[in-house]
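Below: one structure, written as structure tokens.
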Amino acid sequence: GAVHPSLPWGTTMVMMIDQLMIDHHHDDDARNEGCVQQMMELDVGRTLELLLENLHRFTIREVAEQLGDTPKLLHRFLHTLFEKDPHLGAEYHNKQVELYAQYEPVLLLNFLRSSNFYDLEEALKLCKTRKLYNEMVFILNRMGSASDALMIIIYKLQDVKRAIEFVESSNDDELWEVLIKHSLESKLFLSDLLGHVGDHYVDSLKLVTQIPEEKEIPNLKQKIINIFTDQQLQISVQEGCVGILESDCAKLHASLVKKSRGAISVDTFTQCSLCGRYVVGTLRPEAVYVYTDRRVAHRSCFQKNEASKLAIERKAREDAAAAAKTAALEADAEDRSRREERRRRIGNANY
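Numbering of the sequence shown is given in this note's numbering, commencing with residue 10 and proceeding in unit increments.
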């Protein structure tokens, strides 16, 4: 299992990988047990590089089993594997949640966002135990518990700006109610919330009107002035956008009118939009109709088309009238049947 001193590093590693495969299929031969661990202890980076280059020679499980007693090295291997392809080591993603939380918690959130192969409940329990609140917010939101995630932001992270952005991204009016309700319970949080609402599309009136009269808030007057100033700025921006849209609509409308008033060329190559024949130079000249959308048609084709439309409309009205008449007759027959049944029952009762 030792590294051969007279051979190049890469050649030695490949030979050990081949021996690993041989040993994997012969349980009675354990001479190279732990060879991957030995190589990683000598040079982690180069070993990982060679392992990824030779994935066709062994299974990921074989390497993971050899590194089972050294979780930090297992973490390095699985992390490198995940960076190469998030799907390669999917069966170890639950284990990776633990390993990231233990050795590189700063990378855990990105892993949770990128993987779909870990158990959400187990990941949440682990993050709760280790007080990884940002990761808890993501997992709870992914599980559909947005209100619980908001509680973590309010009470654990105490990040007003993030709470507002979280609620805005959720598009859930109930979360605004939750945010306002819990903000009213904390003077400092409420003060910070009032300081940030002007930068976001928050119902400021609803927030301000729910503040108890006896509640003391630092710099309340200035914060409310800032809210109205920011909202006035937003209104001005919106009005400016509306003005630009109206101007663009007016220009486009003027362009449309100008084009519709322009002359339309009708020559020997102009075809009737209804029959496809040329409208000029035929043996039997006839009047030509020009539509506002610049289509051209023979008068006879136009009249036939209009007559066909009228016939279709007339047929539709006749069918509707016939259906209504049939429905009325059926309703009348049903009504007569009910009256006759009622008279029959009364007669039988009198008898």
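Glycine included, every Cβ here is placed at the ideal spot set by N, Cα and C.
Within a Cβ cutoff of 8 Å, which residues of the same chain sit near residue i, ignoring the five residues on either side of it in sequence?
{"i": "aspartate 276", "result": "Val289"}
{"i": "tyrosine 298", "result": "Val305, Ala306, His307, Arg308, Phe311"}
{"i": "threonine 279", "result": "Tyr287, Val288, Val289, Val305"}
{"i": "lysine 232", "result": "Ser200, Leu203, Gly204, Ile226"}
{"i": "aspartate 181", "result": "Ala155"}
{"i": "asparagine 228", "result": "Ser200"}
{"i": "valine 115", "result": "none"}
Tell me whether residue i is buried or exposed, calling it buried when 16 or more other Cβ atoms sit within 10 Å of its Cβ.
{"i": "tyrosine 164", "result": "exposed"}
{"i": "phenylalanine 237", "result": "exposed"}
{"i": "glutamate 183", "result": "exposed"}
{"i": "cysteine 250", "result": "exposed"}
{"i": "serine 282", "result": "buried"}
{"i": "glutamate 144", "result": "buried"}
{"i": "alanine 259", "result": "exposed"}
{"i": "histidine 84", "result": "buried"}
For residue i, which of helix, strand or coil comes out of DSSP?
{"i": "alanine 272", "result": "coil"}
{"i": "tyrosine 9", "result": "The chain is shown from 10 up to 360; residue 9 falls before or after that span and cannot be answered."}
{"i": "histidine 307", "result": "strand"}
{"i": "glutamine 240", "result": "helix"}
{"i": "aspartate 32", "result": "Note that aspartate 32 scores a pLDDT of 49, beneath 50, so its modelled location is shaky and nothing firm can be said."}
{"i": "glutamine 219", "result": "coil"}
Please work out which residues of its chain come closer than 7 Å, Cβ to Cβ, to residue i, disregarding the five sequence neighbours upstream and downstream, and give them in chain order.
{"i": "glycine 98", "result": "Ile69, Leu87, Leu90, Phe91"}
{"i": "arginine 353", "result": "none"}
{"i": "aspartate 128", "result": "Asn103"}
{"i": "leucine 135", "result": "Val106, Glu107, Ala110"}
{"i": "threonine 79", "result": "Gln46"}
Ignore the nearest five residues each way along the sequence and tell me which others in residue i's own chain have a CB closer than 6 Å to its CB.
{"i": "phenylalanine 126", "result": "Ala99, His102"}
Legend entry - Ordered list of alpha helix (DSSP H) runs contained in the stretch 125–182, each at least 4 residues: Given a length threshold of 4 residues, each whole run of the alpha helix (DSSP H) inside the stretch 125–182 is given here in chain order: 129–138, 142–151, 155–160, 169–179.
Legend entry - the stretch 256–271 in contact with the stretch 219–238 per 3-pair CB rule at 8 Å: Segments in contact, no.
Legend entry - Segment contact flag, the stretch 241–261 with the stretch 222–233, C-beta cutoff 8 Å, min 3 pairs: Two segments are said to touch when three or more pairs of C-beta atoms, one from each, lie closer than 8 Å; by this definition the stretch 241–261 does not touch the stretch 222–233.
Legend entry - Unbroken stretches of the beta strand (DSSP E), 3 residues or longer, contained in the stretch 47–89: Note on the stretch 47–89: there is no whole beta strand (DSSP E) run with a minimum of 3 residues.
Inset, instruction - Taking 8 Å as the threshold, find out whether the stretch 314–327 comes into contact with the stretch 336–344 through three or more Cβ pairs. - result: The stretch 314–327 is not in contact with the stretch 336–344.
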